[in-house]
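>
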């Protein structure tokens with residue numbers, strides 16, 4: 040426990056030092072405020088923007104899109120992963136495709152998605168799902184691979200039906216790996232949706248950043264960027280803590 | 008309801024049982040095997056590695072259908088499903104790491120429809136019977152290999168099986184722990200009155216624990232010797248100092264030596 044705390048202290052100290060360094064550089068003029076504004080100004084800008092309520096609509100729109108993409112990616116990714124796992128032939132075909140999937144920049148399909156689905160939420164959701172679902176598929180496959188065959192035998196020994204075997208044995212046994220996929224899916228859905236808004240959308244936080252950038256409003260741009268970063272880190276942090284709590288039982292302390 | 012198990016002269020009967028595995032390459036893993044295990048008997052099977060011992064257990068428990076022949080448990084033929092009354096303990100650790108010891112032990116009772124009080128009582132009894140009281144709220148990762156195997160045995164025990172099948176359950180444990188686990192197994196066998204079938208590669212374990220030992224040949228596995236040990240029902244690991252124990256182990260080895268050489272040759 041002391042070791043864990045020490046690591047945490049050092050981590051926070053490193054981050055704080057970097058922020059302070061940036062603050063000093065900005066305040067002393069080493070870094071031009073047209074390039075980066077001081078972290079304290081970022082925070083002030085973020086507080087102003089959130090307080091003024093002018094971002095409310097963008098926040099609601101972006102996070103509902105991300106949530107939808109995340110949930111769809113988990114549902115579809117898990118389902119597809121489970122189907123591929125059942126068929127060794129399908130597995131042979133899809134393994135290399137999945138492995139190389141993330142070398143394809145899915146964003147380049149955004150214009151196509153707009154042409155097919157129009158502007159607004161649908162192409163953004165699709166983009167979020169496209170970037171998040173394969174991570175879920177990959178982790179579902181590795182999770183199902185990790186379920187030891189003796190546990191399946193044990194389930195048969197207890198005369199469990201398929202649903203119960205799945206719910207009581209397969210799912211909890213695969214959960215640690217599934218969780219890795221969920222965490223990645225959250226990050227990828229967020230990146231996909233915000234990047235999509237950035238490129239070609241009229242709403243959302245990604246658009247707000249892009250709009251501020253194009254109108255040379257550095258203060259607003261960094262304020263929104265900080266907000267997006269904080270939300271992303273917090274959401275991932277929650278999953279991380281939850282995962283840690285599940286994992287701690289499974290490993291000898 | 009069938010008659011109580013212990014009084015039945017033939018608890019399990021295998022009749023001309025054969026098991027093939029479809030290839031490629033096709034493998035004739037087992038048989039033909041004819042075997043009758045008496046109710047309440049402690050029966051062990053020894054054989055060279057890869058001789059089909061585990062296959063035999065899978066067939067016996069109903070996990071796997073034999074390719075030919077039939078298996079009867081308490082007078083009823085098995086049909087690819089593990090019947091009520093048979094408990095299996097596997098060679099590999101089959102404890103569930105996401106459940107506490109108590110939850111692991113009670114796992115098989117989730118579908119039993121028993122009252123909560125009855126479940127708690129059975130779990131408590133099995134936990135203390137296997138000496139796991141102190142660890143009831145621990146998770147498997149916090150336990151040693153021997154402790155985890157006890158959890159698996161306790162999980163079988165709560166179901167009150169009339170036939171307990173054990174597939175090299177102590178294979179991964181050190182010698183001292185194995186001797187002690189052997190004592191516990193004997194105690195369990197005496198107190199539950201269940202029929203026990205133990206698969207093992209350790210000749211001394213078979214000689215010490217069993218009423219009768221079946222020696223299997225190299226693949227395809229068949230019985231080549233049947234040894235009655237003649238031990239009293241009240242016995243424990245101290246019989247290893249009995250001269251009879253040495254004689255039994257020697258007899259088992261002389262039956263098995265040729266067969267083991269065959270498998271060595273095959274592996275080389």
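Chains as they are written, first to last, in this note's numbering: chain G, 40 to 292; chain A, 8 to 275. Think of the CB as a built atom: it goes at the ideal place given N, C-alpha and C, for glycine as much as any other residue.
#1: Are the CB atoms of residue 88 (chain A) and residue 69 (chain A) nearer to each other than 8 Å?
#2: Going by other Cβ atoms of all chains shown within 10 Å of its Cβ, with 16 needed for buried, is residue 213 (chain G) buried or exposed?
#3: State whether the region 262-273 of chain G contacts the region 235-249 of chain G, with contact taken as three or more CB pairs (one from each stretch) at a distance under 8 Å.
#4: So residue 104 (chain A) contacts chain G; which residues on that side make the cut at Cβ distance below 7 Å?
#5: Measuring CB atoms only, is the region 215-223 of chain A touching the region 236-256 of chain A, in the sense that at least three cross pairs come out at less than 8 Å?
#6: Between G:138, G:228, G:148 and G:270, which lies nearest to residue 177 (chain G) when the distance is taken from Cα to Cα?
#7: Taking the C-alpha atoms as reference points, what is the distance between residue 184 (chain A) and residue 156 (chain A)?
#8: Which ranges does the alpha helix (DSSP H) cover as unbroken runs of at least 4 residues, wholly within the region 206-269 of chain A, from first to last along the chain?
#9: Measuring straight from C-alpha to C-alpha, what distance separates residue 34 (chain A) and residue 225 (chain A)?
#10: Cβ of residue 294 (chain A) less than 8 Å from any chain G Cβ?
#11: Quick one: does residue 187 (chain G) have its CB under 8 Å from some CB of chain A?
#12: Kindly identify the DSSP beta-bridge partner or partners of residue 46 (chain G).
#13: Assign residue 101 (chain G) to one of three DSSP states: helix, strand, or coil.
#14: Tell me which same chain residues have a C-beta within less than 7 Å of the C-beta of residue 65 (chain G), skipping the five on either side of it?
#15: Which same chain residues end up closer than 7 Å to residue 267 (chain G) when comparing Cβ atoms and leaving out the 5 residues on each side of it in sequence?
#16: In angstroms, rounded to a whole number, what distance separates the CA positions of residue 280 (chain G) and residue 172 (chain A)?
#17: Closer than 7 Å by beta-carbon distance: list the chain G residues that pair up with residue 89 (chain A), in chain order.
#18: So the beta strand (DSSP E) residue 26 (chain A) belongs to, where does it begin and stop?
#19: Would you give the residue range spanned by the beta strand (DSSP E) that residue 248 (chain G) belongs to?
#20: Please classify residue 51 (chain G) as buried or exposed, where buried requires at least 16 neighbouring CB atoms within 10 angstroms.
#21: Does DSSP put residue 59 (chain G) in a helix, a strand or coil?
#22: Kindly indicate which three-state DSSP category residue 13 (chain A) falls into: helix, strand or coil?
#23: Pick helix, strand or coil for residue 271 (chain A), following the three-state DSSP scheme.
#24: Of the residues A:26, A:101, A:108 and A:43, which one's Cα is nearest the Cα of residue 144 (chain A)?
#25: Report the option in A:30, A:54 and A:48 whose CA atom is closest to the CA atom of residue 228 (chain A).
#26: If you draw a straight line from the alpha carbon of residue 241 (chain G) to that of residue 81 (chain G), how long is it in whole angstroms?
#27: In terms of residue numbering, what span does the alpha helix (DSSP H) encompassing residue 339 (chain G) cover?
#28: Would you call the region 122-138 of chain G in contact with the region 218-230 of chain G, where contact means no fewer than 3 C-beta pairs closer than 8 Å?
#29: What does the alpha-carbon distance come out to for the pair residue 100 (chain A) and residue 113 (chain G)?
#30: Which residues of chain G have a Cβ atom closer than 7 Å to the Cβ of residue 95 (chain A), listed in chain order?
#31: Taking CB distances under 8 Å as the criterion, tell me whether residue 160 (chain G) reaches chain A.
Taking the geometry as given:
#1: Position 81 of the second chain, counted from the first residue, corresponds to residue 88 (chain A). Position 62 of the second chain, counted from the first residue, corresponds to residue 69 (chain A). Yes, the pair counts as a contact, with Cβ atoms nearer than the cut-off.
#2: As a working note, residue 213 (chain G) is residue 174 in the first chain. The residue in question, residue 213 (chain G), is buried, as its Cβ has 16 or more Cβ neighbours within 10 Å.
#3: They touch, by the three-pair rule.
#4: Position 97 of the second chain, counting from 1, holds the residue named residue 104 (chain A). Result: 289.
#5: Verdict: yes, contact present.
#6: In the first chain, the residue the question calls residue 177 (chain G) occupies position 138. Distances from the CA of residue 177 (chain G) to each of G:138, G:228, G:148 and G:270 were compared; the closest alpha carbon is that of G:138.
#7: Numbered from 1 along the second chain, position 177 holds the residue referred to as residue 184 (chain A). Numbered from 1 along the second chain, position 149 holds the residue referred to as residue 156 (chain A). Here the C-alpha atom of residue 184 (chain A) lies approximately 11 Å from the C-alpha atom of residue 156 (chain A).
#8: Under the rule that a run must span 4 or more residues, the alpha helix (DSSP H) segments found entirely inside the region 206-269 of chain A read 210-216.
#9: As a working mapping, residue 34 (chain A) is identified with position 27 in the second chain. As a working mapping, residue 225 (chain A) is identified with position 218 in the second chain. Straight-line Cα distance between these residues: approximately 13 Å.
#10: Here chain A comprises residues numbered 8 to 275, so residue 294 (chain A) is not present and cannot be evaluated.
#11: Working through the first chain from its first residue, we reach residue 187 (chain G) at position 148. Yes, residue 187 (chain G) lies at the interface with chain A (some Cβ there is under 8 Å from its Cβ).
#12: Locating residue 46 (chain G) in the first chain gives position 7, counting from the first residue. DSSP lists no partner for residue 46 (chain G).
#13: For this step, residue 101 (chain G) is matched to residue 62 along the first chain. Residue state, collapsed to three classes: helix.
#14: Taking the first residue of the first chain as 1, we reach residue 65 (chain G) at position 26. Counting only residues of its own chain and dropping the five nearest sequence neighbours on each side, residue 65 (chain G) has a CB closer than 7 Å to the CB of 72, 75, 76 and 77.
#15: Residue mapping note: residue 267 (chain G) aligns to position 228 of the first chain, counting from 1. Sequence-distant Cβ neighbours of residue 267 (chain G) in its own chain, meaning closer than 7 Å and more than five residues away, are 233 and 244.
#16: Counting from one through the first chain, the residue named residue 280 (chain G) turns up at place 241. Counting from one through the second chain, the residue named residue 172 (chain A) turns up at place 165. About 42 Å.
#17: Residue 89 (chain A) sits at position 82 when you count from the first residue of the second chain. Against chain G, the beta carbon of residue 89 (chain A) has neighbours under 7 Å at 195, 196 and 198, listed in chain order.
#18: Your numbering for residue 26 (chain A) matches position 19 in the second chain. Per DSSP, the unbroken beta strand (DSSP E) holding residue 26 (chain A) starts and ends at 19-28.
#19: For the purposes of this step, residue 248 (chain G) is taken as the residue at position 209 of the first chain. Where residue 248 (chain G) is concerned, there is no enclosing beta strand (DSSP E), although the alpha helix (DSSP H) it sits in stretches over 243-253.
#20: What you label residue 51 (chain G) is simply residue 12 of the first chain in a count that begins at 1. Taking every protein chain shown into account, the CB of residue 51 (chain G) has fewer than 16 other CB atoms within 10 angstroms, so this residue is exposed.
#21: In the first chain, residue 59 (chain G) corresponds to position 20, counting from 1. Annotated three-state conformation of residue 59 (chain G) is helix, per DSSP.
#22: Position 6 of the second chain, counted from the start, is the residue given in the question as residue 13 (chain A). For residue 13 (chain A), the predicted model reports a pLDDT of 46, less than 50, meaning its position is unreliable; a value from the coordinates is still stated below. The answer is coil: DSSP assigns residue 13 (chain A) none of H, G, I, E or B.
#23: Here residue 271 (chain A) corresponds to residue number 264 of the second chain, with the count starting at 1. DSSP places residue 271 (chain A) in helix when its eight states are reduced to three.
#24: The residue labelled residue 144 (chain A) in the question sits at position 137 within the second chain. Per the Cα distances, A:108.
#25: Along the second chain, one-based indexing puts residue 228 (chain A) at 221. Comparing Cα-Cα distances from residue 228 (chain A) to each of A:30, A:54 and A:48, the minimum goes to A:54.
#26: Along the first chain, one-based indexing puts residue 241 (chain G) at 202. Along the first chain, one-based indexing puts residue 81 (chain G) at 42. Taking the CA atoms as reference points, residue 241 (chain G) sits about 24 Å from residue 81 (chain G).
#27: As shown, chain G starts at 40 and ends at 292. That puts residue 339 (chain G) outside it, with no answer to give.
#28: Cβ pair count under 8 Å is below three, so no.
#29: In the second chain, residue 100 (chain A) corresponds to position 93, counting from 1. In the first chain, residue 113 (chain G) corresponds to position 74, counting from 1. C-alpha separation (whole angstroms): 31 Å.
#30: Your numbering for residue 95 (chain A) matches position 88 in the second chain. Going along chain G in sequence order, the residues near residue 95 (chain A) (Cβ under 7 Å) are 196.
#31: As a position in the first chain, residue 160 (chain G) is number 121, starting the count at 1. Answer no: the Cβ-Cβ gap between residue 160 (chain G) and chain A never drops below 8 Å.
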